[in-house]
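**Q**
What follows is the structure, encoded as structure tokens:
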């Protein structure tokens, strides 16, 4: 799941681990000629892949709004 929030690109993903799903997100910044990528884990496990990606998207948007990378 990809998106853009307040001019910052983000990508949410999930990975299966021990029968559950772990969510993570990438924050992608473009500055001059460089591209910076910050990867963060949600820190919880979820029963469905969709649930993990939705939680990752919520946290990505929250981090962008707070400016805490």
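In full-length UniProt numbering, the protein residues as written are 1 to 69.
Glycine is no exception: its CB is placed at the ideal position from the N, C-alpha and C atoms.
(1) CA-CA distance, residue 42 and residue 5?
(2) Within the continuous alpha helix (DSSP H) that includes residue 31, where are the two ends?
(3) Going by the beta-carbon positions, is the gap between residue 64 and residue 26 smaller than 8 Å?
(4) Helix, strand or coil: which one does DSSP assign to residue 62?
(5) Counting only the same chain and skipping the five closest in sequence on each side, list residues whose C-beta sits under 6 Å from that of residue 11.
**A** Short version:
(1) 18 Å
(2) No alpha helix (DSSP H) contains residue 31, which is instead part of the beta strand (DSSP E) from 20 to 31.
(3) no
(4) helix
(5) 2, 26
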